[in-house]
Amino acid sequence: KQWYQRRVRGSYHSALFTNAIAKLRKLQYSEEKIEMLLEVSVLAAEAVTSEEVEGILTERAPEHFLDPILGTLMTEPVLLPSSRVIVERSVIAKHLLSDPIDPFNRQPLSMKDVQPDTRLRDEIAAWKRTELAKIQETNEN
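Take a look at the structure:
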């Protein structure tokens, strides 16, 4: 699914799958191959929907729920002890692979130094559940 999210961004159109399936049937391809294409179509549609929802959540999120480096909604916020800045764990982990310093004050930093912010993590998770329920309710109406 993650592969599709990276590949279909901005290029997914359900009509392309519908047309391709109709042409395969016209050319008398096996139902097995047509079923495979249908599965790809469903995965692509789910990836686009997931990406759209994530974009909506990021737009609606309070500023302190967003990673200050990438601007993405955090799921595992951690505190950088020397700068006292909260960032997403995966973002700082990637940064530290190439540069073992705190990006906010240039002090030495390693992953063993970062501190999980469980209070903020739980706050973000609760907010996200509420927002997802609102999105789902809007889509049902």
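Here the sequence shown is numbered in our numbering, starting from 154 and rising by one per residue.
Glycine residues also receive a C-beta, built at the ideal position from the N, C-alpha and C atoms.
Return the chain-ordered list of same chain residues with a C-beta closer than 7 Å to the C-beta of Ala246, the five sequence neighbours on each side being excluded. A distance below 7 Å between beta-carbons, with the five flanking residues on each side excluded, links Ala246 to the following residues of its chain, in chain order: Met264.
Could you give the uninterrupted runs of the alpha helix (DSSP H) lying entirely in the segment 193-257, keeping only those of 4 residues or more? The segment 193-257 contains these whole alpha helix (DSSP H) runs: 242-251.
Tell me which residues share the same chain as Ile254 and place their Cβ nearer than 7 Å to its Cβ, disregarding the 5 neighbours each side in the sequence. Excluding the 5 residues flanking it on each side, Ile254 has same chain C-beta neighbours closer than 7 Å at Gln260, Pro261, Leu262, in chain order.
Whole angstroms is fine: what's the gap from Thr225's alpha carbon to Thr271's? Cα atoms of Thr225 and Thr271: separation of roughly 18 Å, rounded to the nearest angstrom.
Compare the C-beta of Leu233 against all C-beta atoms of chain C and say whether one is closer than 7 Å. In the displayed structure, chain C is absent; only one protein chain is listed.
Taking the alpha carbon of Val238 as the reference point, which residue from Leu250, Phe218, Ser251, Asp252 has its own alpha carbon closest? Closest by alpha carbon: Phe218.
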